[in-house]
Amino acid sequence: MSPLDLLVAVPLCCMAAALLLGRAARGLILLAAPLMAGLALWLALLPPDAAYLVGQWELPLGILLRADGVARLMILATALVIGAVGLHALVEPPEKPGHAAQAETFWPLVYLLWAGANAGFLTTDLFNLYVTLEMVSLAAVALAAMGSLAAALRYFMIALLGSLAYLLGVALIVARYDTVDVTLLAQLAEPDLATLMALGLMTAGLLIKAALFPMHGWLPPAHAAAPAPASALLSAIAVKLGFVILVRLWFEAFPAITGPAALQVLGGLGAAAVLYGSVQAMRQDRLKALVAYSTVAQVGYLFLAFPLVAGAIDPGDAWAGMTLQAVAHMLAKAAMFLAAGLMLKAAAGERIADLGGLAQAMPLTVTAFGLAAVSLMGLPPSGGFTAKFLLLTAAIEQGAYLYAGVLILGGLLAAVYLFGALAACFAPATTPRTPVTGGLRTAAPLALAGLAIVMGFGGTALVELSAIAAPWAGPALILPEPAP
Amino acid sequence: MTADLTLLLPLAVLWPMLLAGLALLPGWGPRMLMLLPLGPLPALAAALFAPRDTPVALPGVLLDGGLDLTATGAIFLGGAAVLWFWAGVYAAVYLRRDGRPAAFALFWNLVLAGNLGVFIAADIVSFYVFFALVSLLAYPLVIHDRQPASMRAGTVYLVLAVTGEVAILVGLMLASFGAGGAIGIEAVRAGLALPSAHPAALPLLIVGFGIKAGLMPLHVWLPVAHPAAPVPASAVLSGAIVKAGIFGMVAFLPLGTPAAVAGNVLTILGFSGLFLAALLAVGQAGAKSVLAYSTVSQMGLVMGVLGVALAAGSAPATVLPAVALFALHHGLAKGALFLGVGLAPLCGRAWRWGLMAVLAVLGLSLAGMPLLAGALVKSAMKDPAGALGAVLIGLSALTTALAMARYLAVLPKAKPRRRPPLLMALPFLALAGAALWLPWLLYADVTGKSPLAADLASKLAEAWPLGLAVLLIAGAVAVGLKPPALPEGDALGPVQRRAAALTAAARAALRAGSRSLRRSRPRKQAVIGEDLDRIEDIFREGAAAAILLLAIAGAVVAASLI
Amino acid sequence: MDLPLSDILSAGHLYALTGAVLVGLGLYAFITQRHPLRQLLAVNVVGAGIFLILGSLGRGPDATDPFPQALVITGIVVAVALTAFGAAMIVRQAETRAAAKPAADDNARGAS
Amino acid sequence: MMTFAPLALILLPLAAAVVSFALPERLSAWRNAANLGVACVKLVVVTYLLMQAEAGLVFEWRYEFLPGHDFVLRLDPLALLFVTLSVFLWLLTTIYAIAYFDRGPNLPRFFGFFNLCVLAATGVAMSGTAITFFLFYELLTLATWPLVAHKGDEKSLRAGRIYLTYTLAGSVAFLAGILWLQSLVGPIEFATPPDLAGVPALTLTLIFILCIGGLGVKAAIFPFHGWLPEAMAAPAPVSALLHAVAVVKAGAFGIVRMIYDVYGIGTVAELGLGVPLAALASVTILYGSVRALMQSDLKKRLAYSTVSQVSYIVLGASLIGPFAVIGGLVHLVHQGIMKITLFMCAGALANRMGIKAIADLDGAGRQMPVTMAAFSVGALGMIGMPPVAGFISKWYLGIGALQSDAAWVVAVLAGSSLLNAAYFLPLLYRAWLLPPPADRPAIRELATTRDRMLILPAALTALVSLGAGIFASLPFSPLGWATLIAEGGYLR
Amino acid sequence: MTFAFDLILCLMILGTAGIALFVRDALAAIAFFIAFGNLMGLTWLGLDAVNVALAEIAIGAGVTGVLLILARARLLALGDDATCSGTPLWLRLGALAACAGFVVLLAASVLSIPPESGLDRVVAPLMPGLGIENRVTGVLLAFRAYDTLLESFVLLGALVAVWSLAPAGAWPGRPADPGMTDAPMRRVAGTFGQLLLPVALVMAAYLVWAGSDLPGGAFQAGTVLAGGLLVAAMGGTIGLPSSDRPLLRAALVLGPAVFLAIGLAGIAAGGLLVYPEGMAKALIVIIEYTLFLSIGVTLALLVAGPPVPDASHPNPEGKG
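Protein chains in written order, with my numbering: chain A, 1 to 484; chain B, 1 to 562; chain C, 1 to 112; chain D, 1 to 492; chain E, 1 to 320.
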């Protein structure tokens, strides 16, 4: 018995059960959320070398599941986010009015996403990652389609392209090395054309999935149009899988062959994403579009961290900064989308200018939005701050002033657009408000935002957690002995 | 026993403050007005009985300040106490129908406290605090009747007072620093004498005290403010409060060490004030204005003498007693003259003649009529004043006499058949008596010389300017010559108008400038916005994604190959 | 009949090259085609090319590696699943547009 | 056990904030009780701590919030000075705010953030490391924003936006500065200043500029002062708080920490950074005064006055002389007490009689004599009129400037005093000497409990500012405490 | 097979692919795509990968082709003929340059890798432990069963995703009738379907059984089953079920669920998807049969598309 398999198996069981239960499947989340949170916690507390060969088949062939720090943090955050979003969706219908199909299919898709994300975070197998990537993409596109079909179709096409690029890279790796396991590739990889080509293709494909500028085009329309719980899942989780796979590729499988210049390509794109996403976010007059562009900017930080991690003498801080940024963004962005959904519903409009009076009408929801904004802006005390602080420290220590500048500027720009939205809530109401509050509805975003803030207090523990079995920390993973 | 008597010093300032506090109690205002004379009594006691040069430390107050009564200070303190006392008695009657007795009592007592405190402060911080108290809180007294003229006068007063305060503050800072951070007045004065003293310290102090004391170009507030106040307030303003400025100079001028520049400037300004102000006084239409200018003139004399002494490096002991004595006489006499202005309308017939007689004697005394107290103190001043100074002082009798004649001429007409109330006449007479008597009494003590030692004949001979003045007045009256009508505050009006015009111009320029700045902001935002939209549309295309995918893959490969 | 080419180009490489060209063709079509259904078709061609590379490079002199074969089968199934979803979306989008258009036309007519 | 004392000072307002947020409006009495109770308890704690500190004890609480970066709360004398000030003024402001709002909208929010501000200000004071300082500094920004935008009208929102733009830009500059410095010398603890010997002078200068620039935004140093007058859109208790204790003081306090506890006097002097900073502070002093003179709105005039006055603290810190330090530190307290008096009075005038513009002040002294008397004391103190406390600050600053061979500063002080007089005295003139407009109804100033709660805090601070001046050399006076700090820390 | 055969096959593949991609008419494009798929199947045969060949022909060409035809038909009914649209020349040239460069790079990479069956050596010794012969099945259902497990859920997820597209008012409901509109044709299809369905069932069952040792397996078999079901539905032999039928749900979930259950049961034996010694073959067969059933139904419903509003209740969002 190990959380490594249960974390994938439980959501799959839930998906099957949801299909069997039909409409009654909604309540399943009441069981799944605590169960998964418990499993995720269990995972986080496992000994550092926790690993697992599926079916006990040895490596070049089999699939290795492993709980490193990144996986632990991401899975914990995923459990919290999906749990909260699910509980929220229990009382706040995630579907468009009248779309019974969406109401029913929402749940199996969520569990598919959950299983896919967890499987992806845990596995070290590149092909297995492809399958999980598709699980997540499929669920994500379907969830996005609940809002805008056109946006979802565009998302689908571009995501498909990304998947194929990744698959092509995997194909080259399989052919070249006869294995797709990251830990093995770390020992085998050589900087020849095929490997580089594979790395380039996989990277480019995954950047699409991660929505890094300039491949982010699909994200804002899809995330902005989807129902709030769906948007929350998309922005929080779907884009993170691409990021995690890239981390596996660049820092675990191929650190030996990725040159500093290549890292600068990613870092540069990340920096550009921060600035571009922020500028676009500032220009939006619809709340959810703003939040979606904020995701574009926030994703930029993740990649801006790549050269910082690689360039650090002691990469622990930058690594933790990168990981915590992902986690903090998950929590905060999910909270923000949920809150935004409630606010827009109460405002009966989708523009920022419609938000007037909400600070009075639904203070807790606006508080959740505000707390999430604090984390996204990187203001203390929050997970976002801890992450940016670590990254900024690393950037300055390395003399990477350009990145440091972008980190600082990005926070400021975020403040400009997020406070703009927040301020709109304080404006007097133009029409009477019918607040949408109460119970899980408000509690979910508030809890998530609160967690994003609380993260700021547990910095040391989180940094230590992120460092578990990190690629830079020491020798490669000691594989468990196969059963006799 | 001595220790107990030193406590008179803090009591001298705390007692009026207590009275001021009582005035704040609702309904106590009129009562406190009656109690005004009580204020200076502890100070009087202190001046008489408190031991000299025995500092009283007040730990914890301000910067660990203290009080100290010097011999010179005692004369100032005593004179001021007498003046305030009688003026208080006068005020209690004069203002008995006043609409704001509480306010008057409050500020009267506060100013009193400040005024007395100035004379007994031992450290510069306390000194400055008292000085500010007397300086600024006199403002409500000036504008007490709320007439437009008073308000205008008050504004002028306040502007110059604040300017003076700042000058003094900065001067004291510089001086204190020059003295190694010491705050004792003696130490600071010694520090000012050092070559290392900041060059700006002394000029700033002279300017600051000069404003208060009516040094010539800085005197403009005085002729407008003194007449504006109620009569008793005018009396103390001109008689006692102005002395605070003089005392400041007395306390801080580093006498004994030649300071040529500062001394000569002070001399020139002081003596020119002596004559110019007196001449301006002749041109005034109001009795109080005449007196105010006369004060400027008299104070000019004091400051001229101080300037001479400063430039010459005369020892303090040779100068200060004379100055103190002169100030005492002037304060009491001027107080009496002001009270006389208030009495004049109330004195019909015989009373008026009596009044005029006393006033004339006082005027002659001020002018230096031999055998009167004024001549005595002037003669004391001539020693430190140097040769030229002595001549000038002698000549000033002419101008002073003219001014006094003018004063008598413009004294308000009496309403028929009025007789002054006792409690107003008594203070007047008491002050007049004190002015004429006290210098005689103290002369020997203070200067160490006998008041009668000088040759009477030579004194009479020196009084020729006074005789000339009498002739001139007689002539003028005979021909019906009228003096030119000069405005109160002479140069003040034109300067104010110029200043107002300048301010308006500056305002307009500023406004125009800021408007032009605001206008020139280009509006390009929309264009950039459209471009951004277009870029974003491109990114949303699958084709773009595909090409970018290839480009990024290529870039990663290329970058790895580098 | 043996072309001299066969000396330098094994069958595995030949199919792999074909796969590479298929990927390129598919990509080109994906970029230049506008209709989503045609793009979907292009994506399928790209996928086929990739599978071909994957499989053919596992073609040894005596046997074909079962590992890439299994991956290809998995890939094909995933591809068909996605294609089905994509096709359904394309059709639904067309339906929605068609449903919206007459209403818009009616409005236009009513207005004029 | 007393190691937790600093933590308690943080947690108490947090508890009050939570209670305020949580209690619904109908339980406002409980909320008020909680706020006042916590404020009183804090006062007791601080009094106790002061007594302990007098005995030389220094409390410290430490927690490693990131590897290598400690979160340190440390109550050294300087911290205690600021803490005492904030705790004392907060109690009064709370009383005042309760009366001021009475039954306004959104009060749970207001009091919640209000308490978060206390928390942040206390935290800023007690921060033992640069990072801890930054954390609270930023929290302060965030907690203040909803207060500035409290009214929610166009003006307030605009003010909030401007406030944030300035302060966030400032804090990132500050963050960049300290991180840069940390990357060179390791974590910065105020108690043990870092060894800067190996760092190139240019780098140090740049870092100094970044940090001071960042802190200078909150301290409203020219040209970063723009937010402050705008923030006047906030309700009066907020203005009082922003100006007197929390925001501007945090900036000024930070500058003091930077100069004395991070760089050290020697390094600052060596780099020649003191004089330019003093010059900038001087420019701010004069500029703020001139701008104040041009305002027609009462609160705006007070705001520009704050711009001017806070730079005295910076000036004192940058002059690097024993007296100047004392002057700066003591002005931190004096300005706080006097300015809060002025703002509470301005708020009371607006609240009771609707007086906002200076032109409306006519006759206010007759109708609200206690308020105006308190106002007058504050104003005279600002001018530097003895014996109100402001005079003591100016005195020390002046002497300090001379000690540091910067006699020109004395001229600045003099000019500023004149300008202060020029913009404050007309207010007093109007209030006391001009008749009230005929259409203004007569009021009884202290009729109800609420009126007394509104006005008496200001009267008390006015008395305190008088007392702080008159009894300046008592050991527990602000001056005494500032001297203790200076002797203990900076004049070695 | 000779090199020349390989070469010609490759050229034909490229040719059909080119036509499929660039021919104007959509139906022609799809037809060529199906041809392309079949040629690909041949290629896989040429590569000695029969399992893949079966999958490619059945799924890659067959199911995908039907899917595309059906989609095209539905689009055509809506007035969208899905023809090639003109793109600007600069875009074409740019794309051409980019793709050509990319192909060159890719080709160079591909050529740098020697084709060899590296992992065959690893797989071969493990096969006896499983008790089955087909190495591909071994990889699919044992060594990398985890992939396959997830994949089966992907397929299920795809159906859920398709269902989620159902228009308002169509839930729960049946997919649009894929039946022939032409009556004679429908009758032919009907008859054919009555015949084919049982045949398909039998054939599929055989494919599954064979899959253990010979080429074949659950996916290929499932496709055959789906084909049979679809043809039967076209002819009206069977009606497509409503999406909320419990039996249907059970059929869909059965395969993945059993797979998952067996995988979880393996935890008792040491870990996820661990087959106890000696039971591997039996378990694999169980998985294959259940999976085949579910895959068949899933694929058939995938092709059929999302439920549509009941014809008796006209819906404004329905087909025009």
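Don't be surprised by glycine CBs; every beta carbon is placed ideally from N, CA and C.
- By the 16-neighbour rule on beta-carbons within 10 angstroms, Met51/D is exposed.
- Look at Glu116/E here: in three-state DSSP terms it is coil, with no helix or strand label.
- The beta-carbon of Leu82/C is placed no less than 7 Å from the nearest beta-carbon of chain B.
- Rounded to whole angstroms, Ala139/A and Glu92/A show a C-alpha spacing of 20 Å.
- Nearest to Lys388/A by C-alpha distance, out of Leu422/A, Ala347/A, Met343/A and Met455/A, is Met455/A.
- Shown in chain order are the members of the stretch 29-44 of chain C whose Cβ falls below 8 Å from a Cβ of chain E: Ala29, Ile31, Thr32, Gln33, Arg34, His35, Leu37, Arg38, Leu40, Leu41, Ala42 and Asn44.
- With a threshold of 16 other beta carbon atoms within 10 Å, Gln187/A falls short and is exposed.
- Note on geometry: alpha-carbon atoms of Ile76/C and Ile538/B lie some 31 Å from one another.
- Any Cβ of chain E closer than 7 Å to the Cβ of Gly55/A would place that residue at the interface, and such an atom is present.
- DSSP places Asp383/B in the uninterrupted alpha helix (DSSP H) bounded by Ala373 to Val410.
- The three-state secondary structure of Ser450/B, taken from DSSP, is coil.
- As a beta-bridge residue in DSSP terms, Leu65/A pairs with Tyr52/A and Thr123/A.
- If you draw a 10 Å sphere on the C-beta of Phe4/D, you find fewer than 16 other C-beta atoms in it, and that means exposed.
- Only Gly316, Asp317 and Ala320 from the stretch 308-330 of chain A bring a Cβ to less than 9 Å from some Cβ of chain D.
- Taking C-alpha positions only, Cys117/D is separated from Leu25/B by approximately 39 Å.
- The three-state reading of DSSP puts Trp145/D in helix, counting H, G and I together.
- For Trp171/E, there is no enclosing alpha helix (DSSP H), as DSSP marks it with neither H nor E.
- Listed by position along chain B, the residues whose Cβ is nearer than 8 Å to that of Met215/A are Phe539, Ala545, Leu548, Leu549 and Ile552.
- Under the three-pair Cβ rule at 8 Å, the stretch 81-100 of chain C counts as touching the stretch 132-151 of chain A.
- It is roughly 6 Å from the alpha-carbon of Thr167/D to the alpha-carbon of Val217/D.
- For the stretch 162-173 of chain A, residues whose beta-carbon sits nearer than 7 Å to a beta-carbon of chain C comprise Leu164, Leu167, Leu168 and Ala171.
- Interface annotation, Glu288/E: not in contact with chain A, CB-CB separation never under 7 Å.
- In this chain, the alpha helix (DSSP H) harbouring Phe385/A covers Gly383 to Glu397.
- With 16 or more other Cβ atoms from the protein chains shown falling within 10 Å of its own Cβ, Met234/E counts as buried.
- Using a Cβ-Cβ cut-off of 9 Å, Phe22/E is close to nothing in chain B; its nearest Cβ partner there is about 15 Å away.
- Of all residues in the stretch 62-89 of chain C, only Ala63, Thr64, Asp65, Pro66, Phe67, Gln69, Ala70, Val72, Ile73, Thr74, Ile76, Val77, Val78, Val80, Ala81, Leu82, Thr83, Ala84, Phe85, Ala87, Ala88 and Met89 come within less than 7 Å of chain E when Cβ atoms are compared, listed by chain position.
- Among the residues of chain B, those whose CB is under 8 Å from the CB of Ile470/D are Val61 and Leu62, following chain order.
- Residue state for Trp57/A is assigned as coil, using DSSP reduced to three classes.
- Here the C-alpha atom of Leu409/A lies approximately 8 Å from the C-alpha atom of Leu275/A.
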